[in-house]
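Step one of this worksheet: look at the structure below.
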Amino acid sequence: MKTVQYKCPNCGGELKFNAEKQLFSCEYCLSDFTEEQVKQIFKKNEETDLSEKNADKAVKDFEEHTNLYTCPSCGAEIMAEETTSATFCYYCHNPVILSGRLSREYKPGRVIPFKVTREAAVDSFKRWCKSKWFIPKDFKSKRQLEKITGVYVPFWIADCKTNAGLNAVGKQIRSWTAGDYKYTETREFAVSRRADIKVKGVPADGASKIPDELMEAIEPFDYKESREFSMSYLSGFIANKYDVDKGKVFPRVRQRVNDACVSVLNESIGNYSIMVGKNVHIDILSTDWQYMLLPVWFMTYKYGDKMYSFAVNAQNGKTDGIPPLSYPRLLSFCGIIAAASAALFGIIGGLL
Amino acid sequence: MIKKLSLAAAVLISILTFSLNVSARGSYLCELYDYADELYEDEIENIERRLEKTSEKTGLNLCVVVNNSIEGGEYTYQDYADVFYEENFGINTDGICLFIRFDPNYVHFSTSGKAQDYYNSHTDSIIDGMVSDLRSHDIEGAVDNMCDDLEHYYKTDKMKWLIFGFAGLIIGIGIGIAVLFIVRSRYRKYAASGTVRYIDKSQTNFTESSDVFIRQYTSKVRISSDSSSSGGGSSHTSSGGGSHGGGGRSF
């Protein structure tokens with residue numbers, strides 16, 4: 017997949033965001049530009065949205081210069097700057113078609129730029145594959161490695177204010193032996209906890225095509241490195257348009273907030289052997305949302321009828337995925353174990 | 002020591018001077034020695050044929066010796082049979098020597114090499130099968146019964162390989178299935194993600210934290226204990242240095 021966005025003022029070549037240098041680079045004349053320089057150079061085409069004064073202009077710019085591409089095969093929707101050339105779907109690898117512009121509601125608030133290079137992502141994938149014995153040979157092929165794509169994944173970031181409470185009976189149990197008897201002493205306490213807890217920056221991806229558990233597995237992202245969204249960050253990458261809104265991701269966020277609150281409450285309780293009759297209630301009082309694009313190196317692989325996904329956190333390099341399982345390889349291995357066991361027991365039987 | 006040397010010499014002389022028949026087929030040998038002159042020609046032929054047949058089936062050296070001139074007790078007969086075997090077939094080779102003596106009546110079943118594994122635990126049963134025939138001086142009948150038993154227990158022992166191999170195969174298949182399920186479950190899960198990292202500790206305030214004592218109680222249970230044990234069997238070394246098993250008794 018290739019995207020063309022900004023032309024180098026020196027040679028007219030393509031400018032791409034270089035994750036390693038954190039600069040915009042020209043592959044032809046090797047010129048480098050900072051974000052500020054790029055913004056100045058392309059002031060006429062793209063107004064900076066860093067200041068609140070220009071916010072409306074930034075939204076307008078987004079609406080006018082962002083194209084939406086749809087994959088007719090899998091239905092994935094991809095955002096790209098208007099000068100983007102023909103692209104392929106990052107999910108099913110089929111050609112995508114231009115399907116229109118994007119409205120202002122899809123403009124992200126912030127973005128974390130790519131830090132991990134494509135080469136580093138490929139290396140991570142190769143390392144990850146090393147410990148997987150039963151993957152199909154083709155999964156590690158060069159052709160497959162070419163499918164690793166840099167994708168900005170749309171995330172809803174939630175800050176939740178909560179009030180959490182816990183009531184239970186805590187039991188302290190101690191045992192000792194005297195003569196022919198074992199004695200057990202139990203002391204019971206009424207345990208009560210109540211706390212105001214702030215759970216901050218809970219991410220939930222807004223792309224239905226990308227597995228939620230996979231995105232959770234490559235967390236965390238450091239939001240301190242996030243920047244105001246600018247079209248320039250899309251240079252060299254594609255972005256997935258969100259198709260799951262705040263309302264739909266909220267149940268997932270609530271579950272994660274509940275888990276976090278329960279762990280805070282549990283940590284505050286010590287010195288009990290067991291807790292019985294535990295009653296926990298968590299009220300989310302308010303939630304602040306941010307719509308952010310987070311950088312991910314993403315790859316899919318179709319094996320049988322199932323699609324397998326692999327992802328690298330392009331900020332910190334954390335890797336995860338579900339590898340396809342080659343049953344012929346696994347069954348051969350199990351067959352060898354069975355034969356070895358039969359031979360071993362046969363020999364033992366003969367020696368007895 | 003002198004006794005042992007004289008016993009070995011007696012065995013050697015017996016073998017050199019009075020060998021009724023030695024038949025060899027494949028890697029095993031069959032021998033029959035009738036120093037007591039208890040057998041007729043037709044009986045000798047029948048016993049030879051039967052020993053060859055059993056030897057062929059089991060792959061063991063077989064030797065039957067009838068000698069009424071050996072004096073001594075149970076241990077002398079045992080050593081005679083062990084050394085007789087070693088002199089004929091070599092130390093620790095696979096085979097059996099059956100020693101029979103009349104007036105007083107005594108039978109010893111000596112095993113060597115693999116024959117120890119096959120028959121040591123069945124010695125009593127094999128001798129039981131021969132005793133009634135020996136009491137009526139029917140050596141052919143006794144040898145016939147012994148050969149039946151040797152073939153039967155050899156088959157049972159061979160079955161042990163098969164049974165253990167089959168059990169191993171079942172266990173191996175079980176391990177294979179377990180591996181299959183473990184691998185499959187591992188290839189289905191993403192790494193677990195924590196949520197604790199999202200707690201803002203600077204904005205977490207406990208408004209209530211109490212532990213109020215309710216009650217206390219104590220229970221007691223009587224302690225009981227059990228124990229059990231079990232044991233195993235043995236083999237011996239002949240004066241010739243070979244390892245032998247088996248056993249013998251008067252009849």
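Going down the list, the sequences are from chains A and B.
For the first sequence, the residue numbers in the working numbering are 17 to 368.
For the second sequence, the residue numbers in the working numbering are 2 to 252.
C-beta atoms are modelled at their ideal positions from N, C-alpha and C, and glycine is treated no differently.
If you're wondering where the values come from, they're calculated on a predicted model, not measured in any experiment.
Determine, using beta carbons only, whether residue i and residue j come nearer to each other than 9 Å.
i                      : j                      : result
residue 194 of chain B : residue 121 of chain A : no
residue 171 of chain A : residue 307 of chain A : yes
residue 197 of chain A : residue 222 of chain B : yes
residue 280 of chain A : residue 213 of chain A : yes
residue 251 of chain B : residue 121 of chain B : no
residue 112 of chain A : residue 128 of chain A : no
residue 89 of chain A  : residue 105 of chain A : yes
residue 97 of chain B  : residue 241 of chain B : no
residue 109 of chain B : residue 82 of chain B  : yes
residue 364 of chain A : residue 169 of chain B : yes
residue 111 of chain B : residue 90 of chain B  : no
residue 30 of chain A  : residue 51 of chain A  : no
residue 253 of chain A : residue 166 of chain B : no
residue 273 of chain A : residue 191 of chain B : no
residue 29 of chain B  : residue 63 of chain B  : yes
Out of the options, point me to the one whose CA is closest to residue i's CA.
i                      : options                    : result
residue 74 of chain A  : A:110, A:356, A:237, A:55  : A:55
residue 135 of chain A : A:105, A:360, A:330, A:262 : A:330
residue 346 of chain A : B:134, B:56, B:187, B:34   : B:187
residue 266 of chain A : A:110, A:91, A:324, A:220  : A:220
residue 185 of chain B : A:360, A:358, A:350, A:363 : A:350
residue 369 of chain A : A:30, A:309, A:126         : With chain A represented from 17 up to 368, any question about residue 369 of chain A goes unanswered, as that position is not in the structure.
residue 285 of chain A : A:92, A:187, A:36, A:124   : A:187
residue 1 of chain B   : B:190, B:138, B:102        : Residue coverage of chain B in this structure runs from 2 to 252, which leaves residue 1 of chain B outside it and unanswerable.
residue 167 of chain A : A:362, A:338, A:326, A:342 : A:326
residue 336 of chain A : A:348, A:342, A:313, A:109 : A:313
residue 243 of chain A : A:251, A:225, A:124        : A:124
Let me see if you follow: with CB-CB separation under 9 Å, is residue i close to chain A or not?
i                      : result
residue 209 of chain B : yes
residue 23 of chain B  : Residue placement at residue 23 of chain B is poorly supported in this model, since its pLDDT is 47, which falls under 50; the coordinates are not used for a value here.
residue 116 of chain B : no
residue 212 of chain B : yes
residue 201 of chain B : yes
residue 242 of chain B : no
residue 169 of chain B : yes
residue 184 of chain B : yes
residue 163 of chain B : yes
residue 206 of chain B : yes
residue 217 of chain B : yes
residue 251 of chain B : no
residue 177 of chain B : yes
residue 246 of chain B : no
residue 236 of chain B : no
residue 228 of chain B : Bear in mind that a pLDDT of 43 at residue 228 of chain B, under 50, signals an unreliable position, so the model cannot answer this.
Can you find a C-beta in chain B that's less than 9 Å from the C-beta of residue i?
i                      : result
residue 63 of chain A  : Any reading at residue 63 of chain A needs caution, since the residue's pLDDT is 48, under 50, leaving its predicted position unreliable; the model's value is listed next. Not an interface residue.
residue 202 of chain A : yes
residue 216 of chain A : yes
residue 280 of chain A : yes
residue 229 of chain A : yes
residue 145 of chain A : no
residue 206 of chain A : yes
residue 321 of chain A : no
residue 148 of chain A : yes
residue 166 of chain A : no
residue 66 of chain A  : Its pLDDT being 46, under 50, residue 66 of chain A is placed unreliably by the model, and the measurement read from it follows with that caveat. Closer than 9 Å: no.
residue 209 of chain A : yes
residue 349 of chain A : yes
residue 198 of chain A : yes
residue 336 of chain A : yes
residue 121 of chain A : no
Cβ closer than 8 Å: which chain D residues qualify as neighbours of residue i?
i                      : result
residue 155 of chain B : This model lacks chain D altogether; the protein chains it does include are A and B.
Which residue spans inside the segment 112 to 193 of chain A form an unbroken beta strand (DSSP E) run of at least 3? 113 to 117
Give the list of continuous beta strand (DSSP E) stretches no shorter than 3 residues that lie fully inside the segment 90 to 136 of chain B. 96 to 102, 107 to 113
When you compare the segment 193 to 208 of chain A with the segment 296 to 305 of chain A, are there three or more beta-carbon pairs, one atom per stretch, that lie closer than 8 Å? no
Inter-stretch contact (C-beta, 8 Å, three-pair minimum) for the segment 254 to 268 of chain A and the segment 149 to 164 of chain A: no
Contained alpha helix (DSSP H) runs [length at least 4] in the segment 252 to 316 of chain A, N- to C-terminal order: 262 to 283
Does the segment 58 to 68 of chain B come close enough to the segment 31 to 45 of chain B that 3 or more CB-CB pairs lie under 8 Å? yes
When the Cβ atoms of the segment 202 to 212 of chain A are set against those of the segment 175 to 185 of chain A, are three or more pairs found closer than 8 Å? yes
May I ask you to verify whether the segment 142 to 162 of chain B touches the segment 43 to 51 of chain B, counting CB pairs closer than 8 Å and requiring at least 3? yes
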